[in-house]
Structure formats: C-alpha cells, structure tokens
Ligand SMILES: [Fe+2]
Ligand SMILES: [Fe+2]
Ligand SMILES: [Fe+2]
Ligand SMILES: [Fe+2]
Ligand SMILES: [Fe+2]
Ligand SMILES: [Fe+2]
Ligand SMILES: [Fe+2]
Ligand SMILES: [Fe+2]
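Residue numbers (my numbering), protein chains in the order written: chain B, 22 to 280; chain F, 22 to 280; chain Y, 22 to 280; chain S, 22 to 280.
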C-alpha cells in the first residue's frame, strides 16, 4: 500500500499547490491513502470548515495538525464533528476534537495518529506515554499506523521515532516547514523523516513574507504576518507499507515546485 | 572555487568519518577550502587542543563552532591563540576567541564568519546586526564570505539568509544535526542550506545513544549522555563560488555513510 | 528627596486606584517625583495617548514600561513625541521612543531609565551593557538615577542591581505583578526591590480574571483575557534619596487596597 | 494548629540558619509541624542522605523539593526509602520517590504535597490535574493539606492557588528564592504566598556568589557557581489552621537574619 503524506499546507497558495500535485502523485505512485497537515491551511494559521472541505475534496483522506490548529476560533464549532481532522492526541483530557482516526482502504484498517512535542513548545501531556496508550487502544483495530509528530526539535522527533520503531508503520515530523534529508526505514520497520517540509510560498520564511520576518527579528516589535507571493514548493513523502506486516518497505521524499 | 563545508563533527567516531571522507571528497570535487563545525568534536561536547589539531591535520582549514564550544574548560587556554577556530561572533564584547577569520587560497581571500541564533537559545547579541558590522569590517579584505549560522529554528536561519543574500557567498546552518533538503542558490547569489547535518553515529539521537535520550524524555531526570556506536553518517555541502564576483553558482548536498 | 514609584498599572481599575492613592501618598510622604509603570494601563496590555494623558494628569511625572508597551498599535503614532513615557532602552537601535528621560525637580536633575530582561523574555540587547552606556551618557546630566528593570527572573533582577549598586540611586523590578518583600539599600547606596507588584484587581491572576487563566493552564487553548472585577491593590515604594550624593537612604514598601 | 513552612534552604549556611531559627520559632509560635524545602540544601543544588538527616534532626518534619532535587546523583540511592522527603508529584509515572506524604501530629492527619510548575520549566505532567488526583486519593486520610508548588512564574502559582482554594489548607510557592509580600487567606480558606523566599546568603544572587552570576549574565560562558559568604536570611511563613475544618485562619510572613 502506498501512502502520500503531505507537510504543512500554508494558506491559499499551499492549497492550490496541493490541489495541483495530489492527482498527479496519486497516479504516478498509485497511492491508496493521502494525509496532509492542515494546521496552517487557512490564511497561514488555523483551519476553517470550508478550508477543511476544500482539502478533503482535493483528495486528502485525513488532515493532521499541530499547535496552530486552534488559531481560527471557528475550529471549536466543527472539530468535534470532523473525524477526518485530527489534532495532537496529547492535549489534555477534555480537549475538543480527535487525536487519531481509523479508516479502511482496500480492506486494510489504517490508523492516523497526531502527536505534538514539548521541547520549546507549550506544556502538554507526554507524547511518548500518549503514544503507548493509543497503540494499546488501537492494536486490534489497525493494520497500519501512521504518526504525524508535530514538534520543534530534531532530538524529540528522532527519540520518539526510535521509541516507536516496529510499533508503527511510519512516523513523520512536521512543524519546522523545512524538509529534512534523512528519510529512512528504521531497523524494526518504521519509516521516518524528521520533517516533511511545507506546501506554500518558496521565496519566504516558512511561507511568510520574508521582509516581515526579517523586520521582526531586527526590531522585536509585534508584527502582522501574511504569506509571501511567488512560486510554491510542495513537500511530501510516499511511504510503501506491507499491509500484511504493517512494516514500511520504502520511503521516498517528494519536493516539487509550482509557479 | 569549490568549498567543502562539513556539519557538526561528533566525537571520535565523527572525527574518523571526517578523516575518511575529506581526502576522498577533496579529490572528487577538487575542493580548494575545507570548513567543518567542531563544537561537538571532543567526546560529543566542546573541543580540546589535540582534537583541534587532529581536525586541522585531517585537512580542515577553518573550524567553526556554536553554543557547545565552551563545554571543555581547556578551550579558554587556547582559543585566543587559535585563529583557525572561530566561535559565534555575536557573543558579547570581551568574549575570548575569534568570531571570523580571513585566509587566502589560490590568491583568493576568503572570510569565514560564525554566528549563533537567539530563538530558543541563550541570550547574546543580535546576529543580524553583528553580520552587518563584520561585513563592513571585511568588505575590503574578502573576495568570498562564508557564514556558519548555528541556530535552532528554521525561521531564524532562513531569515538571516534572506537578509544577507547577495552580501555573502554562502550561509549554512548548523546545530540541529539533521541535514535539510532545501539547499539552493538565493536570487542574489548566496548559497544556502538550513542545516548541514552532522558527522557521527547514524543510529542515534543527534549522535547520542538513543536509549539515553529516550529515557531523558520519559523521565525528566538528569542523565549522562555518551555517543552511540555503529555506522556513521557524514553530512556536508560542496559550494561552487565564482571568485571574480563572490557569488555562488552551485550547492551540492553530500551524505555518505561509514561502517 | 522622596520618590514614589508605582508598579504595573492594569487597565481602568488600576488607573482608578492610582488616581485615588497618588494624591494621598504625595501628601503623606511629601513626594517630589512620581514614576509609574504603564505597560498594562490600557485595557490590560499596552498604552494609548488618552491613557497616557490620564496618568500624567493624575500626577505621574514619568511612565516606564516593558514588553507589553507595543501591544496597542497606536503607540507608534505618539511614542516619539512622548518624552515622559520611556520604553526599555535595550531594544535594538532604531526602536521608536525613548529609553530614558531626564527631568528637573527642585533644581535636582533626575534620570529615569527603563531596561528589560532577557531570561525567559524575547531576545534584545544586553541590559547590563546598555546600562553602562546610558550611565556614561548621563553622568554629567543627572544627580539622581532611577532604573525600572522589567524582567521575569529574580536572578537577572538581583544581578543587575548588584552590578549597578552605587552607580544608580534606585533599581526597582517590574513585570511579575507580585510585590516582593525584599526591599533594601544595597551596600553602596542603591535602593532595591525585586518587584514592585501591580496596581489592579486583587482577586485575579496578575490582574486578569482568574477563571480565564486557570482554564488556559488546564486546556492550553488560546483564550481572550480580560481584567478581573472587585477590589484593587495598589503596590509601590517610596524611596528617599540624598540629592547631594545621589545615594538612597530609605526604601518603604507600600501596599494599599481600594474597593 | 501552627505550621512553620520554610523556603529553599541553600547549602551549609542555609542549614545553619535553619538550625538556628527552627527552635526559636517553634517556641515563639508554638508550632506543631515544620516543613522546609530542601532542593538546594547540599552545597547549593540537590540533597544527600547526611544533609537530609541533618535537616530532620534540626526539627524539620517534612522536606519538600523541586527541580534541583535530582542534582546530587546519590539521591536515587535513598529517595525511595525516604518517606519524609517529597519530590514534585507531577513527575511522570515511575519517577523514584514520593510526591506526597501523610503524617499525624496531635492526632491530626496532615498531608504534605509537592508539585512543580511547567511555565519556563522542564516538561512534566499537569500540576492542576495531578493535584486533583492526589486530593481524591487522600480525601479520607487527611484533615489538613499543605502544598509546596515549586514554580517559576507568578501566574502559574496564583492560578493553582485559586484552583485549589478551599480544597487545601495552604499553598506556598517556592523556587524563585525571593520572598513575596502577598501572603493572604483566599476566600475559601486556603492560605497562600507566591514565594516563601530562601534560607541562605543574603548578599548574593539567590544564594550564589553575586560576581559569578553577574559574570554569567555578561559573558554567557559556562560558570561554576558557589554559594556566597556573609550573613544569611531565613524566610518562612507560619500558617494557623483550624484542624476541625482544615481551613487556614492566619498566615504570617517571617524574615530573619543571621550573621
Ligand atoms: Fe506549520
Ligand atoms: Fe506548527
Ligand atoms: Fe552540534
Ligand atoms: Fe549546537
Ligand atoms: Fe506588566
Ligand atoms: Fe511585562
Ligand atoms: Fe531553589
Ligand atoms: Fe528550584
């Protein structure tokens, strides 16, 4: 089974690049499932119901997210009714929304789990222990398990991947918006990449107009950010998983551009 | 002119991998200058005089560094006499050591500048303004300027690269120990990569034994870290620079393994 | 000379408490100068021109501030024309506004300097070195020097106070909104308190409605804060300074309530 | 019932000041129970078995702690056998040691609970939810509940106090080493102070030699800290609790000096 996993989609330009490449890659790689991180998909921060629908209509099966998922207030109106949108599972008990979802494709049951890191990020529950809990809960239900670990530091991402090696089919990192070149299959069969990278304006700082960000670093003054113009980058991976064993057999990094 | 720039070298395994690949790459790419980040070169944190000499003897022309440069106390005994070892230039006035160095290769004057970030890092002087100051100081002395920006976040690295685009030949990021896949030439001629990656144990967390790091995340208790065993990764870039203009014309990412 | 220095004034309730106690304390302690921190004086974050005028009309001679000074956008319209409002002097070169001000009372020249900390706060220039620069600049102009050091940690505040002991008449801390009980005269004549405390709603978390803050800690979700209701606290110190020597001779902590 | 609660005891000078004042205050206030924070009691960071015994022999009934409790490695040898020493209860499951203890004095059952904050501190479990769990567990066993909340920010401390108001007899903050002037009885009967302050060298930065700390702020270089010389401060509170209701009726701040 081939799964396309797409990094943080940034606003309208990111959604357009995603809509452009999803059908092409689906055909090129004969993908069976498409996952995308949507925490920045509405205007650069957060997600709205129409934007979620736009991504689902573009072919995304499951939308993962991260710390920015709460930034558009209307999220609280629909997240509890949106089982194909997941938010980090290690937010505290009582947090609206779902931390993971299980769906069936070609009679294979696939769980998609979202977790967030704590190093240099707001305090939440332990992602390592939350992963243990979820794996216990879904062991019987899922043939394949995909984790989007939304975290800042390379060490927390790499550590969780080793911790889950052989227990999940794939762990991808998101949040830094820069694709890493370390995709690999860990010894016990978990496909891994530290960060998928983003989908959005390429001549930018993480999607944002570069002059605004430079000015922020130079002055320290509050600033209103908006996305940059110009051509876009589309960052993702294709993971090949043996559905009989749940082990990954290949991970391919994808990076395309769109004017 | 071809310049080989090598990421954070981790301890003895990293030094061995560097010693193995430096002559091979020098020949393969006909390199004229070799730069390596040595902040972790002695046992995983810091650098000593014998380790510095070992790196220089292996063919490194300039050693850059970062936040860990101070971790071996003996650094203060020799850093002021070590012009080929640079530490972040934006440490405060009075800090021992050199923030940049200028050397001549094939009658071309090359400045190597080290800077450190401030996002999620200890407070120091502004790297953007320090860069401006240094560029003013060395404008007349240098045909080519290479910057190693040792920083945690992708945004601070990308922002400084855009800020210096066209004013330096190349800016490489270090510190996260994971190579990024975004090497490029910016519009005004600066070669860029968000992080070079490291040289050291591959089945590890940033070079360190993975079980120790996992345990640290699980327990929060203090832990003594040591480097991992096993095969090593060697991460670097080759940058091709037109010495007439000081502009980069190509950047090639290098990732090799050594058992 | 007696100087009244008032902690962070929080919104309308804080301004009302300040307006109530300023005339009473001026008479009770025969004060010659009144300083107040206004970073939260407009609705809880930031300051506007009408709010600044309200504080000045209430008898405040100099308004100091801190990290929240930029939170109301209109600040940029008037801060360059507001010499009696100071913002941290160690913001980078080019920052709008004034980092210190010098005024004359009873033929005594008094400098009021604002600085901000860096521990657990956004990266700015070194407050220790900025203090050195300002003291050099104003040595000839000022008989008395008062510093408001707006910082998070007790260690950075205490360290700067020792660093400046004998070089300034008084250093008060602000930002934590909780008054400390450590007011003292340091050995070389500098009056010191780690934090003045705030002026605003007492049954609150730092002025803010407590249920909102508790909920923020419990859920981690974004929240809109507003100030709490009910009685107010008024926190300040009275510092007695010998204008002949510039040394402090007494510091008295003030804490009053207003229904 | 009168309870003496003493702030972070710093090294030998702190232990000497504690040994001096404990008998005096026990008699002066007719105290029934003595609690002290010992996270810095051995040489400034951590605690050893002999130091623990010294504190217990000096009259301390329960030793609370905080983030520094792990700094002397030998702690792991004895913490599981030391029921009168508590460490923050919201460290993750499996952490050595006890998070709370229950003891009986004059037939009154008293629980002493230790919790740690997360704002600007290492990631651990939620202190608010951990408090809920412990209160449920000990509801039947304890007439009086005392909480030492070891945390950096005034907001997290004040928020937890409001959250527990009426459910615990007293919540004191520790960790900043500077006593605050906000001791009070909250509306539902919980005695509160944001920080007890420390017991240790008064002409210092949080107990440490001030020149070392100033130098650390000026240079950013690693530094070995040692405690300061000279007279000591002894910071504590006396809390009067009605054992029939478990409610506090008075809280008195104590600050004494010893040459
Ligand atoms: Fe993102
Ligand atoms: Fe994110
Ligand atoms: Fe490194
Ligand atoms: Fe580093
Ligand atoms: Fe404030
Ligand atoms: Fe503030
Ligand atoms: Fe402490
Ligand atoms: Fe502490």
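No residue lacks a Cβ here, since even glycine has one placed at the ideal position from N, Cα and C.
Distance check for residue 80/F and residue 44/F, CA to CA, integer angstroms please.
Position 23 of the second chain, counted from the first residue, corresponds to residue 44/F. Position 59 of the second chain, counted from the first residue, corresponds to residue 80/F. Distance from the CA atom of residue 44/F to the CA atom of residue 80/F, rounded to whole angstroms, is 8 Å.
Would residue 220/S and residue 191/S be called neighbours here (beta carbons separated by less than 8 Å)?
Walking along the fourth chain from the start, residue 220/S turns up at place 199. Walking along the fourth chain from the start, residue 191/S turns up at place 170. Between residue 220/S and residue 191/S, the gap from beta carbon to beta carbon reaches 8 Å or more.
From the beta carbon of residue 31/B, is the nearest beta carbon of chain S less than 8 Å away?
Residue numbering aside, residue 31/B sits at position 10 when the first chain is read from its first letter. Chain S, which has no Cβ nearer than 8 Å to the Cβ of residue 31/B, makes this no.
Distance, Cα to Cα, residue 230/S vs residue 135/Y?
The residue given as residue 230/S occupies position 209 in the fourth chain. The residue given as residue 135/Y occupies position 114 in the third chain. Between the C-alpha atoms of residue 230/S and residue 135/Y there is a straight-line separation of about 26 Å.
Give every residue of the same chain whose Cβ lies closer than 8 Å to the Cβ of residue 171/S, excluding the five residues on either side of it in the sequence, and list them in chain order.
For this step, residue 171/S is matched to residue 150 along the fourth chain. Excluding residues up to 5 positions away in sequence, 58, 60, 85, 86, 87, 88, 109, 135, 136, 137, 138, 194, 195, 196 lie with their Cβ nearer than 8 Å to the Cβ of residue 171/S in the same chain.
Beta bridge counterpart(s) of residue 272/F as assigned by DSSP:
In the second chain, residue 272/F corresponds to position 251, counting from 1. According to DSSP, residue pairing for residue 272/F in a beta bridge involves 260/F.
Please identify, using Cβ separations under 7 Å, the residues of the stretch 179 to 211 of chain B that lie next to chain F, in order along the chain.
So the list reads 179, 180, 183, 184, 197, 198, 199, 200, 201, 202, 203, given in the order they occur along the chain.
Runs of beta strand (DSSP E) wholly within the stretch 102 to 131 of chain B (minimum 3 residues, chain order)
You should have 121 to 126.
When DSSP builds the beta bridges, which residues end up paired with residue 57/F?
To locate residue 57/F, count along the second chain from 1; it is residue 36. In the DSSP output, where bridge partners are listed per residue, residue 57/F has 27/F, 84/F.
is_contact[residue 146/Y, chain F] using C-beta, thresh 8 Å
Stepping through the third chain from its first residue, residue 146/Y is reached at position 125. Yes, residue 146/Y lies at the interface with chain F (some Cβ there is under 8 Å from its Cβ).
Going by DSSP, which residues form a beta bridge with residue 169/F?
Position 148 of the second chain, counting from 1, holds the residue named residue 169/F. Per the DSSP secondary-structure output, residue 169/F pairs in a beta bridge with 135/F, 193/F.
Near residue 188/S, which residues of its chain fall below 7 Å by C-beta distance, leaving aside the five closest residues on each side in sequence?
As a first step, residue 188/S is located in the fourth chain; it is residue number 167 there, counting from the start. Setting aside the 5 residues that flank it on each side, residue 188/S is surrounded in the same chain by 156, each with a C-beta closer than 7 Å to its C-beta; the list follows chain order.
If you draw a straight line from the C-alpha of residue 95/B to the C-alpha of residue 63/B, how long is it?
Along the first chain, one-based indexing puts residue 95/B at 74. Along the first chain, one-based indexing puts residue 63/B at 42. Approximately 11 Å, taken between the alpha carbons.
Do you know whose CA, among 145/S, 128/S, 123/S, lies nearest residue 115/S's CA?
For this step, residue 115/S is matched to residue 94 along the fourth chain. When only C-alpha atoms are compared, the closest one is 145/S.
Below 8 Å, how does it come out for the stretch 268 to 276 of chain S and the stretch 205 to 213 of chain S: are there three or more Cβ pairs, yes or no?
At 8 Å Cβ cutoff, the stretches touch.
Can you tell me whether residue 194/S sits near ligand 7, meaning its C-beta is under 7 Å from at least one heavy atom of the ligand?
Looking up residue 194/S in the fourth chain gives position 173. No.
Taking the beta carbon of residue 228/B as the centre, do at least 16 other beta carbons fall within 10 Å, making it buried, or is it exposed?
Counted from its first residue, the first chain places residue 228/B at position 207. Buried.
Grouping DSSP H, G and I as helix and E and B as strand, with all else coil, what is residue 201/S?
For the purposes of this step, residue 201/S is taken as the residue at position 180 of the fourth chain. Three-state DSSP puts residue 201/S in a strand.
CA-to-CA distance, residue 199/S to residue 182/Y, given in whole angstroms
Along the third chain, one-based indexing puts residue 182/Y at 161. Along the fourth chain, one-based indexing puts residue 199/S at 178. Near 14 Å, if we compare the C-alpha coordinates of residue 199/S and residue 182/Y.
Considering only the beta carbon of each residue, do residue 165/B and residue 22/B sit closer than 8 Å?
What you label residue 165/B is simply residue 144 of the first chain in a count that begins at 1. What you label residue 22/B is simply residue 1 of the first chain in a count that begins at 1. Going by C-beta atoms, residue 165/B is nearer than 8 Å to residue 22/B.
Helix, strand or coil: which one does DSSP assign to residue 71/S?
Position 50 of the fourth chain, counted from the first residue, corresponds to residue 71/S. Helix at residue 71/S.
Under the rule that 16 or more other beta-carbon atoms within 10 Å means buried, what is residue 34/S, buried or exposed?
As a first step, residue 34/S is located in the fourth chain; it is residue number 13 there, counting from the start. Buried, by the Cβ-count rule.
Assumed close pair residue 274/S, residue 204/S - CB separation to whole angstroms, cut-off 8 Å
In the fourth chain, residue 274/S corresponds to position 253, counting from 1. In the fourth chain, residue 204/S corresponds to position 183, counting from 1. With 8 Å as the limit, residue 274/S and residue 204/S qualify as a contact, their Cβ atoms being about 5 Å apart.
Exposure of residue 29/S, with buried meaning 16 or more beta-carbon neighbours within 10 Å
The count along the fourth chain starts at 1 and reaches residue 29/S at position 8. It counts as buried.
What residues match up with residue 222/F in a beta bridge as DSSP calls it?
Translated into positions along the second chain, residue 222/F becomes position 201. Answer by DSSP bridge pairing, in chain order: 253/F.
List the DSSP bridge partners of residue 248/S.
On the fourth chain, residue 248/S is found 227 positions in, with the first residue counted as 1. Within the DSSP bridge table, the entry for residue 248/S names 229/S as partners.
Chain-ordered residues of the stretch 120 to 131 of chain S with a beta carbon less than 7 Å from chain F:
Answer in chain order: no residues at all.
Taking only three categories from DSSP, how would you classify residue 214/F?
Within the second chain, numbered from 1, the residue matching residue 214/F stands at position 193. Secondary structure of residue 214/F (DSSP, three-state): strand.
Taking DSSP as the reference, what is the three-state secondary structure of residue 47/Y?
Locating residue 47/Y in the third chain gives position 26, where the first residue counts as 1. Helix at residue 47/Y.
Taking 8 Å as the threshold (C-beta atoms), are residue 36/Y and residue 76/Y in contact?
Along the third chain, one-based indexing puts residue 76/Y at 55. Along the third chain, one-based indexing puts residue 36/Y at 15. It is a contact, given that the beta carbons lie within the stated cut-off.
Alpha carbon to alpha carbon, how far is residue 48/S from residue 235/Y?
Translated into positions along the fourth chain, residue 48/S becomes position 27. Translated into positions along the third chain, residue 235/Y becomes position 214. For the pair residue 48/S and residue 235/Y, the Cα-to-Cα distance works out to about 39 Å.
Is residue 206/B helix, strand or coil when you go by DSSP?
For this step, residue 206/B is matched to residue 185 along the first chain. Secondary structure at residue 206/B: strand, using DSSP grouped into helix, strand and coil.
Counting only C-beta atoms, is residue 270/F closer than 8 Å to chain S at any point?
As a position in the second chain, residue 270/F is number 249, starting the count at 1. No, because no Cβ of chain S sits closer than 8 Å to the Cβ of residue 270/F.
Quick check: what's the CA-CA separation for residue 168/F versus residue 141/F?
Here residue 168/F refers to the residue found at position 147 of the second chain. Here residue 141/F refers to the residue found at position 120 of the second chain. Rounded to whole angstroms, the separation of the alpha carbons of residue 141/F and residue 168/F is 20 Å.
Is residue 209/Y near ligand 4, going by C-beta to nearest heavy atom under 7 Å?
Working through the third chain from its first residue, we reach residue 209/Y at position 188. Ligand 4 has no heavy atom closer than 7 Å to the beta-carbon of residue 209/Y.
If you follow the alpha helix (DSSP H) that residue 177/B is in, where does it begin and where does it stop?
For this step, residue 177/B is matched to residue 156 along the first chain. Start and end: 175 to 185.
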